[in-house]
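Each residue of the sequence shown is one higher than the one before, counting from 1 in the UniProt record's numbering. This report concerns only the one structure given below.
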Amino acid sequence: MPNFFKKPTMSGHLWIIYLISLVLLGFIWYYQWMLGLMMTLFLAGSIFYSVRTEQHMINETEEYISTLSYRVKKVGEEALLEMPIGIILYSENYMVEWANPYMNRFTDEDSVVGRSLKDLSDQLIPQIKEDQQECWITIDGYKLQTIVKRDERLLYLFDRTKQTEIHDLYKNEQTVLSIIFLDNYEEITQGMDDTAKSHINSQVTSILNKWAGDYGIYLKRTSQERFMAVMNQEILKTLEKSKFEILDDVRELITDQNVPLTLSFGIGVGPVSLPDLGELSQSSLDLALGRGGDQVAIKDDSGKVRFYGGKTNPMEKRTRVRARVISHAMKELVQESEKVIIMGHKSPDMDSIGASIGILKIAQANEKKAAIVLDPDDIDTGVQRMIEEIQKDEDLWRYFITPEDALEMVSNDSLLVVVDTHKPKLVMEEKLLSKTEHVVVIDHHRRAEEFIADPTLVYMEPYASSTAELVTELLEYQPKKLKLSMLESTALLAGIIVDTKSFTLRTGSRTFDAASYLRSKGADTVQVQKFMKEDLDVYIRRSRLIERADIYRDGVAISVGDHGESYGPVIIAQAADTLLTMSGIFASFVISERSDGRIGISARSLGDINVQVIMERMNGGGHLTNAATQLEDTTIEDARALLQDIIDEYFEGGDTE
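As structure tokens, this is what we get:
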């Protein structure tokens, strides 16, 4: 405590002076009593004056301290009761014991005392239990920043409603850039005369202009098949709530060829510069087109992507120009490389192995050393017969190597070709991706958010039935000295047949063209049927899965395997395919445990339901009619509950990710 606030007494130096004066006074009295008497009276007056002055100072100081204490107490009461901050003291069972009057402005009642914190906000008690130092809650429309003092059971609440409104206003007014692309405009108008083409242009422009006018969007046509749209975040939120109904409106424009016209949106959002927004929107458009078009891709500055639409299968392209261009590009890359290393996805299927063999033949046709990466411990029973047949052919089997051998063989001048997948986590050996700068991706799946970084060449066609079909088309434009053996062409044909379910799903005219080419090279359909044969016990296990199927919604079948019994991905995929052949079923989902401890889900549909969107919500992917996922750290029951919630949201809120 400062000396100023201590109770004052007479200063010590005065007592010393007076003591010395008394000694001197004694000497004066001894030698001159008259002078001593005068000095005694003077000293007595001086002492009286000093004592009186000291007492006056004491009284003034005590009065000042008393006044100051009263003022401090008064200010404390005023601050506690009148400051614009909410203060709450709560009990151990989270009941309000005391609150300052400022808290009354947030409720309709006279006082919050005696109420539970849960009555104020459902978010409050869980945040306190989680030992959060700070949280945000909403009370009757007020946005409150809450500081939690758990040890004192004390809450400070700051009204941040105005700041939140200003922040929301700033965010809602941020510019959003969108590129709109007519997916199949070139293919549809290719054989049209000028009058029909003008009619289509007029219809599309009219619909888009009306849509832009209704939502307050600036729209500008930049080419025959491309538009530029400028909006803000608030308009984008409204469009997301409507699930971009403009996609359905344009799709209803059926052309003379009875083919619907479809749109793709690439949208860039975020607090970035306009050039960066343009890059985001173009990247989003590439992603939407890579997934087959007829959908919206929204990418923000952090790289997160949201998808809407994707209700239709992508239309098969009517030109082979792209296949020829890619084939020539592949030829140049192969010739410039030291060696070619080919790999598919983990647990490869016939499509992955057949496509790998096709790329092997391209390398051999260009006189380059090549090898196919295959993990002998990761071969599924569905391709076991094909692998056994390949092992009998020494001329072909010697090109298959293990992932370990591939890591030793690869160099920076090697060409790495990834087939039947584009996700880094799914490839046979992920380390190979970083060992060379030259990577080619050939895939028929719809493009996912996760993608191999910086590939040299990408050939992704979601309209294709299989990767084997794409590779077969590439083979047709390679040097004439290319020769396919019966087993090699049969492996490619097996990949097509398996992925199309014997030419019943995702089959276009070019699928039959590819099959015809392979047949002319000696592909044996009987051998394919032998590859596809299954054991009796596998058939019985699949039948058990089918037997456990239940109809969850109209036309949606869900089958769940027994707890503790694991199934391979091929069996659950076959079970889902079989369920789809049943009367009245438009989509099927099969859930089971896997040998690696994860939960596998295989999904199929006839096209009315986009199972790809549903599986992507569960960190999976695939096609509109064929998709799958694997879940970690969960149970069959939790996986089924999550799937049902996503299906409910899909039917009730539209197909969005």
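Think of the CB as a built atom: it goes at the ideal place given N, C-alpha and C, for glycine as much as any other residue. No experiment lies behind these values; they were computed from the predicted model shown.
If you run the structure through DSSP and keep just helix, strand and coil, what is Q630?
strand
Put F307 into one of helix, strand or coil per three-state DSSP.
strand
How close, in whole Å, do the beta carbons of K197 and T164 come, if the pair is a contact with beta carbons under 8 Å?
Not a contact, Cβ separation roughly 51 Å.
Roughly how many angstroms separate the alpha carbons of T504 and E332, rounded to a whole number?
36 Å
Indicate whether the contact test is met: 3 or more Cβ pairs, each with one atom in the region 187 to 206 and one in the region 279 to 290, closer than 8 Å.
With contact defined as three or more Cβ pairs closer than 8 Å, the region 187 to 206 and the region 279 to 290 are not in contact.
Just verifying my parser: in three-state terms, what is the DSSP assignment at D393?
coil
According to DSSP, is T262 helix, strand or coil?
Judged by DSSP in its simplified three-state form, T262 adopts coil rather than helix or strand.
Please give the ranges of any alpha helix (DSSP H) in the region 105 to 153, keeping only runs that are unbroken, at least 4 residues long and fully inside the region.
The region 105 to 153 contains these whole alpha helix (DSSP H) runs: 117 to 120 and 124 to 129.
Taking C-alpha atoms, which residue in N366, I326, K346 and S347 lies nearest to Q335?
N366
Helix, strand or coil: which one does DSSP assign to Q295?
strand
Going by DSSP, which residues form a beta bridge with T175?
N232
Give the C-beta separation of H445 and G622 to the nearest angstrom, bearing in mind that I take them to be a contact with Cβ-Cβ under 8 Å.
6 Å
Would you call the region 269 to 286 and the region 295 to 302 touching, i.e. three or more CB-CB distances under 8 Å?
Yes: at least three Cβ pairs fall under 8 Å.
Going by DSSP, what residue range makes up the beta strand (DSSP E) through residue 719?
Here the chain covers residues 1 to 657 and nothing more, so residue 719 does not appear.
Kindly give me the distance between the Cβ atoms of I601 and L643, rounded to whole angstroms, as I take these residues to be in contact under 8 Å.
7 Å
Rounded to whole angstroms, how far is the Cβ of K304 from the Cβ of K339, which I believe are closer than 8 Å?
With 8 Å as the limit, K304 and K339 do not qualify as a contact, their Cβ atoms being about 38 Å apart.
How about V439 and H422: do their beta carbons lie closer than 7 Å?
Using a Cβ distance threshold of 7 Å, V439 and H422 do not count as a contacting pair.
Grab the span of the beta strand (DSSP E) containing D443 for me, first residue to last.
H438 to D443
Helix, strand or coil for R318, going by three-state DSSP, please let me know.
Any reading at R318 is ruled out, since the residue's pLDDT is 42, under 50, leaving its predicted position unreliable.
Quick one: using the 10 Å Cβ neighbour count with 16 as the cut-off for buried, is F651 buried or exposed?
Counting Cβ neighbours within 10 Å, F651 comes out exposed, since fewer than 16 surround it.
First and last residue of the alpha helix (DSSP H) that includes R542?
L536 to E547
Does DSSP classify residue 659 as helix, strand or coil?
Residue 659 is absent from the model: the chain starts at 1 and stops at 657.
Which residues in the same chain have their Cβ closer than 7 Å to the Cβ of A494, if we skip the five residues on either side of it in sequence?
M350, G354, M386, V528 and F531
Can the beta-carbon of M228 be found closer than 7 Å to that of K220?
yes
Residue range of the beta strand (DSSP E) that Y90 falls in?
G86 to Y90
Since T222 is in the beta strand (DSSP E), which residue starts that stretch and which ends it?
Y218 to S223
E134 and I147: beta carbons closer than 7 Å?
yes
Between E488 and L396, which are expected to be in contact by the criterion C-beta below 8 Å, what is the C-beta distance as a whole number of angstroms?
The pair is a contact, with the Cβ atoms about 7 Å apart (cut-off 8 Å).
Tell me the rounded alpha-carbon separation between T402 and G358.
19 Å
Enumerate, from N- to C-terminal direction, the unbroken alpha helix (DSSP H) stretches of 4 or more residues contained entirely within the region 433 to 500.
467 to 475 and 486 to 499
Measuring alpha carbon to alpha carbon, tell me which of M39, W33 and A212 ends up nearest L22.
Per the Cα distances, M39.
CB-CB under 7 Å to E637, same chain, minus the five flanking residues each way: which ones, in chain order?
none
Going by the beta-carbon positions, is the gap between F586 and G555 smaller than 7 Å?
Taking 7 Å as the Cβ cut-off, F586 and G555 qualify as a contacting pair.
How many angstroms separate the CA atom of I217 from the CA atom of V538?
57 Å
If distances are taken between C-alpha atoms only, which option among T581, G191, G564 and I571 comes closest to A557?
Closest option to A557, Cα to Cα, is T581.
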